[in-house]
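Protein chains in written order, with our numbering: chain B, 74 to 238; chain D, 375 to 805. First comes the structure, then the notes that go with it.
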Amino acid sequence: MCNLNYSDRIIRQVLEQTTTIAMVGASANWVRPSNFAMKYLQQKKYRVIPVNPVISGTEIHGETCYAELAEVPGPFEMVDIFRRSEDAGKIVDEAINLKNEKGIKIIWMQLGVIDHAAGARAEAEGLTVIMDRCPKIEFGRLNHELSWSGINTGVISSKRPRLAR
Amino acid sequence: MTDPKITQDFGFATRAIHAGAAPDAATGARNTPIHHSTSYVFDDAEHAASLFNLQTFGFIYSRLTNPTVAVLEERIANLEGGRAACAAGSGHAAQFLVFFTLLEPGDHFVASRNLYGGSITQFGTSFKKLGWHCDFADPLDPETFRAAIKETSKAIFIESVSNPSSVIGDIDAIASIAQEAGIPLIVDNTMATPYLFNPIKYGADIVTHSTTKYLNGHGNSMGGVIVEAGKFDWAQNDKFPSMTSPDDAYHGLTFYETFGDFGFTMRARAVALRDFGPALSPTNAFMTLTGIETLPLRMDRHVANAEAVATWLEDHPAIAWVSYAGLRSSPSFKHKNKYFRQGCGSVFTFGVKGGFDAGIRLVEGCTLLSHLANVGDTRSLILHPASTTHRQLTEKQQIAAGAGPDVVRISVGIETVSDIIADLEQALSKT
Numbered sequence: 074m075c076n077l078n079y080s081d082r083i084i085r086q087v088l089e090q091t092t093t094i095a096m097v098g099a100s101a102n103w104v105r106p107s108n109f110a111m112k113y114l115q116q117k118k119y120r121v122i123p124v125n126p127v128i129s130g131t132e133i134h135g136e137t138c139y140a141e142l143a144e145v146p147g148p149f150e151m152v153d154i155f156r157r158s159e160d161a162g163k164i165v166d167e168a169i170n171l172k173n174e175k176g177i178k179i180i181w182m183q184l185g186v187i188d189h190a191a192g193a194r195a196e197a198e199g200l201t202v203i204m205d206r207c208p209k210i211e212f213g214r215l216n217h218e219l220s221w222s223g224i225n226t227g228v229i230s231s232k233r234p235r236l237a238r
Numbered sequence: 375m376t377d378p379k380i381t382q383d384f385g386f387a388t389r390a391i392h393a394g395a396a397p398d399a400a401t402g403a404r405n406t407p408i409h410h411s412t413s414y415v416f417d418d419a420e421h422a423a424s425l426f427n428l429q430t431f432g433f434i435y436s437r438l439t440n441p442t443v444a445v446l447e448e449r450i451a452n453l454e455g456g457r458a459a460c461a462a463g464s465g466h467a468a469q470f471l472v473f474f475t476l477l478e479p480g481d482h483f484v485a486s487r488n489l490y491g492g493s494i495t496q497f498g499t500s501f502k503k504l505g506w507h508c509d510f511a512d513p514l515d516p517e518t519f520r521a522a523i524k525e526t527s528k529a530i531f532i533e534s535v536s537n538p539s540s541v542i543g544d545i546d547a548i549a550s551i552a553q554e555a556g557i558p559l560i561v562d563n564t565m566a567t568p569y570l571f572n573p574i575k576y577g578a579d580i581v582t583h584s585t586t587k588y589l590n591g592h593g594n595s596m597g598g599v600i601v602e603a604g605k606f607d608w609a610q611n612d613k614f615p616s617m618t619s620p621d622d623a624y625h626g627l628t629f630y631e632t633f634g635d636f637g638f639t640m641r642a643r644a645v646a647l648r649d650f651g652p653a654l655s656p657t658n659a660f661m662t663l664t665g666i667e668t669l670p671l672r673m674d675r676h677v678a679n680a681e682a683v684a685t686w687l688e689d690h691p692a693i694a695w696v697s698y699a700g701l702r703s704s705p706s707f708k709h710k711n712k713y714f715r716q717g718c719g720s721v722f723t724f725g726v727k728g729g730f731d732a733g734i735r736l737v738e739g740c741t742l743l744s745h746l747a748n749v750g751d752t753r754s755l756i757l758h759p760a761s762t763t764h765r766q767l768t769e770k771q772q773i774a775a776g777a778g779p780d781v782v783r784i785s786v787g788i789e790t791v792s793d794i795i796a797d798l799e800q801a802l803s804k805t
């Protein structure tokens with residue numbers, strides 16, 4: 074079993090070292106969480122490249138959608154998995170195969186997406202794995218935006234908050 | 375700049391002062407400003423659309439969120455060890471937000487029979503008009519909860535330590551019964567406060583408070599809050615469609631899928647608080663935040679004074695009995711020792727020899743203790759329920775509610791304890 078408790082230090086590090094995210098399962102439907110998580114992360118200056126075979130070749134929020142990770146041109150540090158838990162293992166294995174070619178360092182599985190076996194395979198290959206979390210929520214949490222909705226961010230500091238990136 | 379530390383590293387007293395609050399990003403103001411603004415500007419139409427669709431973080435209108443109220447919400451969520459919180463105009467409003475989010479018409483829940491009288495009326499009478507049904511069970515006999523659960527039951531509700539008669543149930547056992555039934559345990563932690571007891575550690579899924587009491591602590595502001603533990607699996611059965619089905623009012627957004635372990639709080643805010651409107655005033659939030667900063671100091675004194683007053687009353691010849699979980703004579707004493715190592719609050723009841731008339735003479739004879747209907751104030755408060763809060767009931771109903779003719783309720787304050795005892799002594803001499 075992988076540890077699902079991630080320290081703020083690890084999450085902060087992951088969000089700070091990432092510049093490009095391949096979002097597997099990105100939806101073109103504006104009411105789906107993947108669609109507005111993508112938009113939010115773009116506003117925070119991440120480049121987010123959608124991966125979804127059903128709508129490959131179309132554009133979401135100005136980015137071309139690809140059918141699979143191997144088709145994404147250029148490097149990306151994070152693979153963000155917006156698929157059901159039972160589909161995550163295959164995507165993780167694709168990411169492991171591409172890790173040197175694409176510079177992949179982080180596997181991030183969304184809220185409710187948990188695959189301990191796949192997580193262990195990725196960690197054994199030196200990748201950082203985060204499961205059952207949302208990068209949008211974690212970014213908001215560590216930057217005080219989540220506090221605006223009464224959510225326990227777990228952050229205490231006597232310094233002025235640094236807002237966003 | 376070094377990273378801010380995570381709050382789990384800090385002690386309770388530190389979190390009571392700092393959790394949720396930070397220097398103001400624009401001005402550097404160190405104390406939390408009172409944001410008396412109804413509404414907040416949008417950057418552009420796109421930003422407005424994202425906010426209204428709950429797709430980004432930010433403020434729209436103070437009926438939903440307010441920057442001062444948000445600090446209070448995060449602080450209480452943190453002190454309770456919860457994931458998120460939503461404040462309301464009173465404890466009763468907070469309870470409404472919880473049940474509106476959980477229940478459909480025709481649904482049922484099981485509540486402790488040892489509750490604040492106002493909650494018994496809210497659950498047993500007013501909720502009926504909405505098609506919500508409640509049966510009551512005995513917190514000292516957890517199996518009575520199991521026996522009362524039906525197909526339509528959606529929650530169990532208890533008070534951690536009850537108002538007014540200081541009953542502490544077998545919380546572990548009640549939490550197991552809720553878990554086996556696949557329904558959340560809701561604990562009203564008003565009379566304990568998170569300083570004395572954390573319900574979430576013992577299996578509570580939702581915690582409620584009337585912040586009007588010890589959290590504010592100075593009798594100056596109404597308020598309520600709900601806290602979500604973030605551990606309940608809303609998708610484990612089909613009992614909670616408001617969490618797991620698409621919401622038409624938000625273009626088919628599903629709260630549990632979208633917000634995960636704070637989905638209940640988001641739903642309570644974005645639907646129940648939005649549509650019924652019992653928002654907390656930012657001034658009340660500010661007063662309550664200031665109160666919470668001294669909560670550990672005040673609760674230690676409340677408990678020490680209450681233990682001294684209860685022990686003194688138990689030995690007094692004019693007193694028939696004392697019902698305080700901190701006394702060996704209480705049937706809740708073993709639960710107090712298991713769950714409440716630092717004491718069990720300062721509200722309890724006692725019986726005056728001489729019945730109804732003696733009870734009235736006692737409360738009228740006090741000149742330091744205040745005769746009024748509140749609890750959890752710095753000031754010591756005293757009340758004779760049978761002649762005030764429960765006077766509309768028959769004597770039989772009064773006794774069943776723990777408010778029989780001889781019953782007096784006291785909320786021991788943080789004055790010099792010998793002065794509290796001296797006032798009771800002189801008033802008792804007149805009974």
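Glycine is no exception: its CB is placed at the ideal position from the N, C-alpha and C atoms. Being a predicted model, the structure only gives us computed values, none of them experimental.
Looking at the C-beta of D/Gln429, does it have a partner C-beta in chain B at a distance below 7 angstroms? Proximity of D/Gln429 to chain B, defined by a Cβ-Cβ separation below 7 angstroms, is satisfied.
B/Arg105, buried or exposed, once every other Cβ within 10 Å from all chains shown has been counted against 16: Buried.
C-alpha gap between D/Ala399 and D/Asp751, whole angstroms: Near 34 angstroms, if we compare the C-alpha coordinates of D/Asp751 and D/Ala399.
What number of angstroms, rounded off, separates the C-alpha of D/Pro568 from the C-alpha of B/Glu150? Going by the C-alpha atoms only, they are around 42 angstroms apart.
Where D/Ala458 meets chain B, residues with beta-carbon distance less than 8 angstroms: Within chain B, the C-beta atoms nearer than 8 angstroms to that of D/Ala458 come from Ser222, Gly223, Ile224, Asn225, in chain order.
Could you give the uninterrupted runs of the beta strand (DSSP E) lying entirely in the segment 477-548 of chain D, keeping only those of 3 residues or more? You should have 482-486, 507-511, 527-533.
For D/Pro759, does the three-state DSSP call read helix, strand or coil? Helix.
Let's see if you can read the secondary structure: which residues bound the beta strand (DSSP E) around D/Val458? As written in the sequence, residue 458 of chain D is Ala, which differs from the Val given in the question. 458-462 is the extent of the beta strand (DSSP E) around D/Ala458.
Let me check one thing: in DSSP terms, what residues is D/Phe636 bridge-paired to? According to DSSP, which records beta bridges pairwise, D/Phe636 is partnered with nothing at all.
Beta-carbon proximity check, D/Thr442 vs D/Ala659, cutoff 7 angstroms: D/Thr442 places its beta carbon less than 7 angstroms from that of D/Ala659.
Please name the residues in the segment 188-222 of chain B whose beta-carbon is closer than 8 angstroms to at least one beta-carbon of chain D, in chain order. Listed by position along the chain: Asp205, Cys207, Ile210, Gly213, His217, Glu218, Leu219, Ser220, Trp221, Ser222.
Between the segment 669-687 of chain D and the segment 700-720 of chain D, are three or more C-beta pairs nearer than 8 angstroms? Counting C-beta pairs with one atom in each stretch, the segment 669-687 of chain D and the segment 700-720 of chain D have three or more that are closer than 8 angstroms, which means they touch.
Have a look at the DSSP bridge pairing and note the partners of D/Val721. Looking at the DSSP assignment, D/Val721 forms a beta bridge with D/Ser785.
I need the straight-line Cα distance from D/Trp686 to D/Glu525, nearest angstrom please. Approximately 48 angstroms, taken between the alpha carbons.
Exposed or buried, D/Asp689, counting other C-beta atoms within 10 Å across all chains shown (16 or more means buried)? Residue environment: D/Asp689 is assigned as exposed (fewer than 16 neighbouring CB atoms within 10 Å of its CB, all protein chains considered).
Determine contact between the segment 445-452 of chain D and the segment 210-225 of chain B, defined as no fewer than three beta-carbon pairs at a distance below 8 angstroms. Yes, the segment 445-452 of chain D touches the segment 210-225 of chain B.
If you follow the beta strand (DSSP E) that D/Ala603 is in, where does it begin and where does it stop? Where D/Ala603 is concerned, there is no enclosing beta strand (DSSP E), given that its DSSP letter is neither H nor E.
Going by DSSP, which residues form a beta bridge with D/His745? Paired residue(s): D/Ile756.
CB contact flag (D/Ile557, D/Ala529, <7 angstroms): In this structure, the beta-carbon distance from D/Ile557 to D/Ala529 falls below 7 angstroms.
Chain B within 7 angstroms of D/Glu448, Cβ atoms only: With 7 angstroms as the cut-off, D/Glu448 counts as an interface residue toward chain B.
Using three-state DSSP, classify B/Pro123 as helix, strand or coil. Strand, per DSSP.
How long is the line joining the alpha carbons of D/Leu654 and D/Thr439, rounded to whole angstroms? Cα to Cα, D/Leu654 sits roughly 9 angstroms from D/Thr439.
Can you name the start and end residues of the alpha helix (DSSP H) that D/Ser792 belongs to? Residues 791-802.
Please state whether DSSP places D/Val561 in a helix, a strand or coil. Strand.
Helix, strand or coil at D/Tyr713 according to DSSP, with G and I counted as helix: Of the three classes helix, strand and coil, the one that applies to D/Tyr713 here is helix, per DSSP.
Mapping the DSSP letters down to three states, classify D/Leu627 as helix, strand or coil. Residue state, collapsed to three classes: strand.
Counting along the chain, where does the beta strand (DSSP E) carrying B/Thr201 start and finish? That run of the beta strand (DSSP E) goes 201-203.
Only counting the same chain, and skipping five residues up and downstream in sequence, which positions put a Cβ closer than 7 angstroms to that of D/Ala609? So the list reads Thr618, Tyr630, once near-sequence residues are dropped.
Just to confirm, are D/Trp506 and D/Leu471 a CB contact at a threshold of 7 angstroms? No, Cβ-Cβ distance for D/Trp506 and D/Leu471 is not below 7 angstroms.
At 7 angstroms on the CB atoms, spell out the chain D contacts of B/Arg156, in chain order. Those within 7 angstroms of B/Arg156 in chain D number zero; the least Cβ separation is about 13 angstroms.
Should the segment 581-592 of chain D be called in touch with the segment 633-646 of chain D, which here means at least 3 C-beta pairs below 8 angstroms? The segment 581-592 of chain D makes no contact with the segment 633-646 of chain D, as fewer than three CB pairs between them are under 8 angstroms.
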